[in-house]
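Peer 1: Numbering (numbering that gives the first Met the number 0), first residue to last: 0 to 388. Yeah, the Cβ is synthetic: ideal placement off N, Cα and C, and Gly gets one too.
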Amino acid sequence: MASKLEDLAGPSPTESPPVIQDSRLRIILARVLCGWAALLVESLAPGAAQAAVGVQVGPRAGVALTGDADLYVGVDLRLTAPSSPFTIQPTFDYVFDENQTLYHVGGNLLYEVPVGFRLKPYLGVGMNYSTFALNEVPGPTTSENEPARTDDEGHRLGMNLLAGARLELPWVSPFVQVTKSVGEFNALALGGGLELRLSERRGAASPPEAMRFAVTPYMANNVAGDVQSGRIGAGVSLAVFPWERLGFELDGELHGHFFRDQDVAGLASEDVDLDTDAALLSASAVARYCAGNPAFGSWCPYATAGAGVVHAWFHGVDRGSGAAYATKAQTDPTISGGVGITHLFTQHVGLRVDGRYIRAFVDESASDGGYFEDYGFLRLSAGVSVGFR
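1. In chain order, which beta strand (DSSP E) runs of at least 3 residues are fully inside the region 304-367?
2. For Q261, name the three-state secondary structure that DSSP assigns.
3. Does the contact criterion of 3 or more C-beta pairs under 8 Å hold for the region 341-348 versus the region 365-374?
4. Looking only at C-alpha atoms, which of F131, R77, T100, I334 sits nearest to G106?
5. State buried or exposed for K179, treating a residue as buried only when at least 16 other CB atoms are found within 10 Å of its CB.
6. Put L168 into one of helix, strand or coil per three-state DSSP.
7. What separation, rounded to the nearest whole angstrom, lies between the Cα atoms of P58 and V385?
8. Figure out for me which residue from G336, A80, G163, L133 has the closest Cα to the Cα of L174.
9. Comparing C-alpha positions only, which one of F376, V383, P332 sits nearest to V361?
10. Leaving out five residues on either side along the sequence, give the residues of the same chain with a beta carbon under 6 Å from the beta carbon of R355.
11. Ordered along the chain, which non-local residues of its own chain (more than five positions away) have a Cβ less than 6 Å from that of C299?
12. Kindly list the residues whose CB is nearer than 8 Å to the CB of V114, restricted to its own chain and excluding five residues on each side of it in sequence; keep chain order.
13. Taking the straight line between their C-alpha atoms, what separation do you get for G229 and V72?
14. In the DSSP assignment, what are the bridge partners of Y301?
15. Exposed or buried, what is Q261 when buried is set at 16 or more other beta-carbons lying within 10 Å of its beta-carbon?
16. According to DSSP, which residues form a beta bridge with V114?
17. Taking the CB atoms as reference points, tell me whether V239 and F257 lie closer together than 7 Å.
18. So what does DSSP say about G386, is it helix, strand or coil?
19. Measure the CB-CB distance between F376 and V226 and report whether it falls below 7 Å.
20. Distance, Cα to Cα, N221 vs T330?
21. Following the continuous beta strand (DSSP E) through S228, name the residue where it begins and the one where it ends.
22. Which one of A278, Y217, L101 has the shortest CA to CA distance from A186?
23. Taking the beta strand (DSSP E) that A188 falls in, what are its first and last residues?
24. Please work out which residues of its chain come closer than 8 Å, Cβ to Cβ, to N134, disregarding the five sequence neighbours upstream and downstream, and give them in chain order.
25. In angstroms, rounded to a whole number, what distance separates the CA positions of N144 and A264?
26. Going straight from the alpha carbon of A311 to that of D373, what length do you get?
27. Enumerate in chain order the residues of its own chain whose CB-to-CB distance from M158 is below 8 Å, with the five nearest sequence positions on each side excluded.
28. Leaving out the 5 sequence neighbours to the left and right, which residues in its chain are closer than 6 Å to G382 when beta-carbon positions are compared?
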């Protein structure tokens, strides 16, 4: 392996690195997300014969308890629909931490306990996307008294478990909430806020029918297996159902910090900050079964099986000179299988949670690339589907 894993060398003026263009992939993904956002706004806007979505928005604040107690401020949005017993709660929080710049973007699914009082207790689960930048890089030093490798900025994906209560008043709803984050940022947050009601939920409480075509942007985390966990992937799924219970899906994802650092450390010297990214593409068959009632809404559990490719690239920057090093890349075929469930919030909007095991087959005799054995991992993702019948 030593002959294969030579130190990364800078490309010559006439040589271009053998890597898929990350910027182009991000542009394509951004265009798909813009189109999806337009469909989402159109789907949630009430029409003449369409049920109205309830909207509440307002400020929130509290204290996040980790080693220290850090104040945070943010914005809270709540969406309700007559076809679903759940509330969607997107959030944004800025944390006042003297050691770093830190903010969280979250999305939670809340269930209010049906009680006949103005005080409405609720439970919820969700996910949070965290971005941080350390003001000063701490940590141990090497034998040459240079800073050891550490992430001084980045993004993380975690899970939220929460409980709270809101007071239902005309026009406004004050609330208190306790949130426990699960992941690298595992703070216990105690907070509350005041929401202004912009529109009332109204319409018949009839469960919507399953979508025949759906676009689902999602956030993903590889939670177990031979790759790095805790890092964020962003992707888009396009699903078509020619038949009620059988359909097909195309899936594409960009994932940062794909392989674990210790597994690819031999690609570069200690002076190089090495990172890996990956693009995942797959096509799958999907079998689903949808059922619903006015009390619990519409649910569509499903199973998938398919094949695709993983294109991974390895790139580095010299810590001393700041010079970029040539990029190595490899493309490996994959098979995948998994299960998931979609909850139809309205006729055209659904919430999807998906778990898949992906197995990549690597040509161990290849001279290119940087990871020379088969690998597998479990990917969990959550996203918002927009579609039509």
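Peer 2: On the basis of the supplied data:
1. 327-343, 348-359
2. Here residue 261 refers to the residue found at position 262 of the sequence shown. In this structure, Q261 counts as helix in the three-state DSSP scheme.
3. no
4. Here residue 106 refers to the residue found at position 107 when the sequence shown is read from its first residue. The shortest Cα separation from G106 among F131, R77, T100, I334 belongs to R77.
5. Taking the sequence shown and counting its residues from 1, the one referred to as residue 179 is at position 180. With fewer than 16 other Cβ atoms within 10 Å, it is exposed.
6. Within the sequence shown, the letter at position 169 stands for residue 168. In the structure shown, L168 sits in coil (DSSP, three-state: anything other than H, G, I, E or B).
7. Here the question's residue 58 lines up with position 59 in the sequence shown. Here the question's residue 385 lines up with position 386 in the sequence shown. Each residue's Cα considered, the two are about 28 Å apart.
8. The count along the sequence shown starts at 1 and reaches residue 174 at position 175. Residue 174 is actually Phe in this sequence, not Leu. Selected option, being the one with the closest Cα: G163.
9. In the sequence shown, the residue the question calls residue 361 occupies position 362. For V361, the nearest C-alpha among the options comes from P332.
10. Residue 355 sits at position 356 when you count from the first residue of the sequence shown. Same-chain partners within the cutoff: S335, G337, R378.
11. Reading the sequence shown from its first residue, position 300 is the one you call residue 299. Closer than 6 Å at the Cβ level, and outside the excluded window around C299, lie A209, R287, C289, T341.
12. By one-based count along the sequence shown, residue 114 stands at place 115. For V114, where only same-chain residues beyond five positions count, the Cβ hits under 8 Å are P120.
13. The count along the sequence shown starts at 1 and reaches residue 229 at position 230. The count along the sequence shown starts at 1 and reaches residue 72 at position 73. Each residue's Cα considered, the two are about 25 Å apart.
14. Within the sequence shown, residue 301 is the residue found at index 302, counting from 1. Answer is R287, G339, bridged to Y301.
15. As a first step, residue 261 must be located in the sequence shown, where it is residue number 262. Counting Cβ neighbours within 10 Å, Q261 comes out exposed, since fewer than 16 surround it.
16. Taking the first residue of the sequence shown as position 1, residue 114 is located at position 115. According to DSSP, which records beta bridges pairwise, V114 is partnered with nothing at all.
17. Here the question's residue 239 lines up with position 240 in the sequence shown. Here the question's residue 257 lines up with position 258 in the sequence shown. Result no, Cβ atoms of V239 and F257 do not sit closer than 7 Å.
18. As a working mapping, residue 386 is identified with position 387 in the sequence shown. Note: G386 maps to strand in three-state DSSP.
19. Position 377 of the sequence shown, counted from the start, is the residue given in the question as residue 376. Position 227 of the sequence shown, counted from the start, is the residue given in the question as residue 226. It is a contact, given that the beta carbons lie within the stated cut-off.
20. Reading the sequence shown from its first residue, position 222 is the one you call residue 221. Reading the sequence shown from its first residue, position 331 is the one you call residue 330. The alpha-carbon atoms of N221 and T330 are separated by roughly 19 Å.
21. Position 229 of the sequence shown, counted from the first residue, corresponds to residue 228. Unbroken run through S228: none, as it is neither H nor E.
22. Mapped onto the sequence shown, residue 186 falls at position 187. Measuring from the Cα of A186, the nearest candidate turns out to be L101.
23. The count along the sequence shown starts at 1 and reaches residue 188 at position 189. Where A188 is concerned, the enclosing beta strand (DSSP E) stretches over 187-198.
24. Your numbering for residue 134 matches position 135 in the sequence shown. The answer, listed in chain order, is E97, N98, Q99, T100.
25. The sequence position of residue 144 within the sequence shown is 145, counting from 1. The sequence position of residue 264 within the sequence shown is 265, counting from 1. For N144, the predicted model reports a pLDDT of 45, less than 50, meaning its position is unreliable; a value from the coordinates is still stated below. Cα-Cα distance, rounded: 20 Å.
26. Taking the first residue of the sequence shown as position 1, residue 311 is located at position 312. Taking the first residue of the sequence shown as position 1, residue 373 is located at position 374. Using only the alpha carbons, I get a separation of about 13 Å.
27. To locate residue 158, count along the sequence shown from 1; it is residue 159. Here the set comprises V124, G125, M126, N127, S180, V181, G182.
28. As a position in the sequence shown, residue 382 is number 383, starting the count at 1. Only T215, P216, Y217, R351 meet the Cβ criterion.
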